[in-house]
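Enquirer: Numbering (the UniProt record's numbering), first residue to last: 1 to 651. C-beta atoms are modelled at their ideal positions from N, C-alpha and C, and glycine is treated no differently.
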């Protein structure tokens, strides 16, 4: 089997297997970088049918032309995009640097005070001098503590504001992305990427500033240590180099574990959201145990990664502690020998021990900084995956900001399939016209492509082939915001926000127009419902429509579409949850509202579509019939089959 080869991984995406050695499988995963798997883990991830031991692979052999192609330059991360968030607080950073400088000076005095206590106070038996030095130490401690407290407040101020700024910009970017991005990403994946920014913010505030403080201490106290004893200084520096090398050995493995942890953590987030939001469905199907076991399985995977991370940190800790202990023993021996030989005073030995403690901590912080930098870099890479996505409406492109005179919608040879490997086309080379100012109904069996037609019109996706036109202009030339502002939509999975009835109708409008709200309520037959509420239009309704019935939810969505006063009305099974009386009232109310507007209605109920100017019948992504209700019923074709039970045409 020639390597490298491409494998279908976890029935989710594709990876490259580039080496097999000693039952270890080396995988290059676009989502998480290079990983190494055991035989069992490899089989679990690759086999689509575990019982049959079957997995998909693509074997490739390069031709000579492959080696003549120029390599593309890889995109490098730019930290400047992150540092700009801190530029606003440059004055506060000056205060922090001043605090670092004052703190270093205060700490620098401490070893000399300690030495003077031993060499002068104890040797001369001068208790008053010792009192004075101890009082000075207390004063220095109070000053240093005060500086640290102020620095903590400034850091909290900066980090909180930067955190909000980073998250705000990330949300702005997310809201600019096309719909297809959210169709291919899980909720947990997006939430984990948003949580990643906290590691970047922590690195740039706490870790970086703390390390800067430690670096200053290291330089200053390093010179002081060299002043006291050159030999001890070189022992310390040698151990620091050895310590650093030991920590750097584990960075690659830490990166692998972090990528795999991210994948499991995002699955965990998705699962938790699903558990909470789908609890009624879980209970109705007695699936509590199954879903709980699924959650426990994910927790077990998380536990395994925590065990691996703990083992890795323990290896690091064991080596670093051994290096530190050996360094301390050597320094204690060298300093004690220097005192015995008369090259150093006893106070000098005590001062050296204090200084070694002061320079050891910065070394540990510097190495912690290296690990924090690695974590922040990985997080930045993941967030950059979002920022590298092209905006739905790029600013550099010229967009039409006004609809053309002819507002008819035309499908010219449109073919479309949903993202993913091996999907069959949902729509196949369809040609359709939705005339301006007319009502067109789309009917067909489930899976025939009715909702997909609406999603293409709303530009959730771009067609694979063919084009959509508004009159003589391509739909792709019209700005997204311009187009959607002219579309009033009721989708099957329309969302009800945790807000007042009024703000659920006037979504996006900070100051709702009362007349338009009342008109929307009347058309959607919601007047009585609102009157029954304790606070009328100001009554809050729950998250995702809790506390209201499915029919009331659907009427709210209809009222929202009407409130926009759009030219285009698109309904996807907008009345399927309504009783016959409510449906009749709403349809009668809509007749006047739809006059002069272009309406496209997807429905199964004949009562909803029979009044349409044109009815389009879809079957397996193709247009099989078109005409009015009378014409199609007379043909006794596909439309006749769909509605004969409702009309009892067969009797």
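#1: Which same chain residues, not among the five before or five after residue 654, have their C-beta less than 8 Å away from its C-beta?
#2: Going straight from the alpha carbon of residue 429 to that of residue 412, what length do you get?
#3: By DSSP, does residue 24 sit in helix, in strand, or in coil?
#4: So, at 6 Å on beta carbons, what are the nonlocal neighbours of residue 259 in its own chain, with the 5 sequence-adjacent residues on each side left out?
#5: Go ahead and pull the three-state DSSP assignment for residue 389.
#6: Since I believe residue 519 is in contact with residue 399 (beta carbons under 8 Å), could you give me their beta-carbon distance rounded to a whole number of angstroms?
#7: Should residue 57 go down as buried or exposed, given a rule of 16 or more other Cβ atoms within 10 Å for buried?
#8: Which word fits residue 561, buried or exposed, when buried means at least 16 other C-beta atoms lie within 10 angstroms of its C-beta?
#9: In angstroms, rounded to a whole number, what distance separates the CA positions of residue 635 and residue 480?
#10: Using the C-alpha atoms, what's the distance from residue 456 back to residue 626?
#11: Confirm the yes/no value for this check: CB of residue 135, any heavy atom of the ligand ZN, distance under 7 Å.
#12: Would residue 500 and residue 564 be called neighbours here (beta carbons separated by less than 8 Å)?
#13: Tell me the DSSP bridge mates of residue 467?
#14: To the nearest angstrom, how far is the alpha carbon of residue 234 from that of residue 323?
#15: In whole angstroms, give me the CA-to-CA distance for residue 643 and residue 396.
#16: Rounded to whole angstroms, what is the Cα-Cα separation between residue 482 and residue 515?
#17: Find the nearest neighbour of residue 652 within the set 334, 454, 418 and 417, judged by alpha-carbon distance.
#18: Is it buried or exposed, residue 171, if we count other Cβ atoms within 10 angstroms and call 16 or more buried?
#19: Could I get the ranges of all uninterrupted beta strand (DSSP E) runs contained in the stretch 546-579, with 3 residues as the minimum, in chain order?
#20: Using only the alpha-carbon positions, how far apart do residue 284 and residue 10 sit?
#21: Nearest by alpha-carbon distance to residue 670: which of 495, 375 and 450 is it?
#22: Tell me, please, whether the stretch 308-318 touches the stretch 87-98 by the rule of three or more beta-carbon pairs shorter than 8 Å.
#23: What residues match up with residue 14 in a beta bridge as DSSP calls it?
#24: According to DSSP, is residue 70 helix, strand or coil?
#25: Please go through the stretch 569-632 and give each complete beta strand (DSSP E) segment of 3 or more residues, from N-terminal end onward.
#26: Helix, strand or coil for residue 500 per DSSP?
#27: Give me the Cβ distance between residue 573 and residue 524, rounded to the nearest whole Å; I'm assuming they're in contact under 8 Å.
#28: Touching or not, the stretch 338-358 and the stretch 438-447, by the rule of three or more beta carbon pairs under 8 Å?
#29: Just verifying my parser: in three-state terms, what is the DSSP assignment at residue 492?
#30: If you count every other CB in all the chains shown that lies within 10 Å of the CB of residue 463, and 16 or more means buried, which is it?
#31: Measuring straight from C-alpha to C-alpha, what distance separates residue 620 and residue 415?
#32: Near residue 231, what residues of its chain come up, given a Cβ to Cβ distance below 7 Å and the 5 sequence neighbours on each side ignored?
#33: Which of the three DSSP states is assigned to residue 75 in this structure?
#34: What are the complete alpha helix (DSSP H) segments, minimum 4 residues, inside the stretch 227-266?
#35: Could you tell me how far apart the beta carbons of residue 264 and residue 301 are, in whole angstroms, since I believe they sit closer than 8 Å?
Expert: Let me lay it out:
#1: What the structure shows of the chain is the stretch from 1 to 651, and residue 654 is not part of that stretch, so it cannot be assessed.
#2: Taking the chain shown and counting its residues from 1, one reaches residue 429 at position 429. Taking the chain shown and counting its residues from 1, one reaches residue 412 at position 412. Computed Cα separation, rounded: 8 Å.
#3: The residue you call residue 24 lines up with position 24 of the chain shown. Three-state DSSP puts residue 24 in a strand.
#4: Against the chain shown, residue 259 aligns to sequence position 259. 32 and 33.
#5: If you number the chain shown from 1, residue 389 lands on position 389. In this structure, residue 389 counts as coil in the three-state DSSP scheme.
#6: Looking up residue 399 in the chain shown gives position 399. Looking up residue 519 in the chain shown gives position 519. Contact flag wrong, Cβ pair sits at about 31 Å.
#7: Position 57 of the chain shown holds residue 57. Result: exposed.
#8: The residue given as residue 561 occupies position 561 in the chain shown. Classification of residue 561: buried, given that the 10 Å Cβ count is 16 or more.
#9: In the chain shown, the residue the question calls residue 635 occupies position 635. In the chain shown, the residue the question calls residue 480 occupies position 480. Approximately 40 Å between the Cα atoms of the pair.
#10: Here residue 626 corresponds to residue number 626 of the chain shown, with the count starting at 1. Here residue 456 corresponds to residue number 456 of the chain shown, with the count starting at 1. Cα-Cα distance, rounded: 20 Å.
#11: Ligands in the displayed structure: none, and consequently the ligand ZN is not present.
#12: As a working note, residue 500 is residue 500 in the chain shown. As a working note, residue 564 is residue 564 in the chain shown. In this structure, residue 564 does not lie closer than 8 Å to residue 500 by Cβ.
#13: On the chain shown, residue 467 is found 467 positions in, with the first residue counted as 1. Among the bridge pairs identified by DSSP, residue 467 is matched with 412.
#14: Working through the chain shown from its first residue, we reach residue 234 at position 234. Working through the chain shown from its first residue, we reach residue 323 at position 323. Rounded to the nearest whole angstrom, the CA to CA distance from residue 234 to residue 323 is 15 Å.
#15: Residue mapping note: residue 643 aligns to position 643 of the chain shown, counting from 1. Residue mapping note: residue 396 aligns to position 396 of the chain shown, counting from 1. Each residue's Cα considered, the two are about 49 Å apart.
#16: Stepping through the chain shown from its first residue, residue 482 is reached at position 482. Stepping through the chain shown from its first residue, residue 515 is reached at position 515. If I take the Cα positions, the gap works out to 23 Å.
#17: Residue 652 lies beyond the stretch modelled for the chain, which goes from 1 to 651, so this question has no answer here.
#18: As a position in the chain shown, residue 171 is number 171, starting the count at 1. Residue 171 comes out exposed.
#19: Here the runs fully enclosed are 568-572.
#20: By 1-based counting over the chain shown, the position of residue 284 is 284. By 1-based counting over the chain shown, the position of residue 10 is 10. Residue 284 and residue 10: Cα-Cα distance of roughly 30 Å.
#21: Since the first residue of the chain shown is 1 and the last is 651, residue 670 is not available in this structure.
#22: no
#23: As a position in the chain shown, residue 14 is number 14, starting the count at 1. According to DSSP, which records beta bridges pairwise, residue 14 is partnered with 8.
#24: In the chain shown, residue 70 corresponds to position 70, counting from 1. Caution is warranted here: a pLDDT of 47 is assigned to residue 70, below 50, making its placement in the model unreliable, and the coordinate value is therefore given only provisionally. Coil.
#25: 598-602, 614-619 and 622-627
#26: In the chain shown, residue 500 corresponds to position 500, counting from 1. Strand at residue 500.
#27: Residue mapping note: residue 573 aligns to position 573 of the chain shown, counting from 1. Residue mapping note: residue 524 aligns to position 524 of the chain shown, counting from 1. Not a contact, Cβ separation roughly 16 Å.
#28: no
#29: By 1-based counting over the chain shown, the position of residue 492 is 492. Three-state DSSP puts residue 492 in coil, outside helix and strand.
#30: As a first step, residue 463 must be located in the chain shown, where it is residue number 463. So residue 463 ends up on the buried side.
#31: The count along the chain shown starts at 1 and reaches residue 620 at position 620. The count along the chain shown starts at 1 and reaches residue 415 at position 415. The alpha-carbon atoms of residue 620 and residue 415 are separated by roughly 12 Å.
#32: Here residue 231 corresponds to residue number 231 of the chain shown, with the count starting at 1. Excluding sequence positions up to five before and after residue 231, its CB lies within less than 7 Å of the CB of 334, all in the same chain and listed in chain order.
#33: Sequence index remark: in the chain shown, residue 75 carries index 75 (1-based). Its pLDDT being 37, under 50, residue 75 is placed unreliably in this model, and the coordinates cannot settle the point.
#34: 230-248
#35: As a first step, residue 264 is located in the chain shown; it is residue number 264 there, counting from the start. As a first step, residue 301 is located in the chain shown; it is residue number 301 there, counting from the start. Yes, they are in contact, since the Cβ atoms of residue 264 and residue 301 sit about 5 Å apart, within 8 Å.
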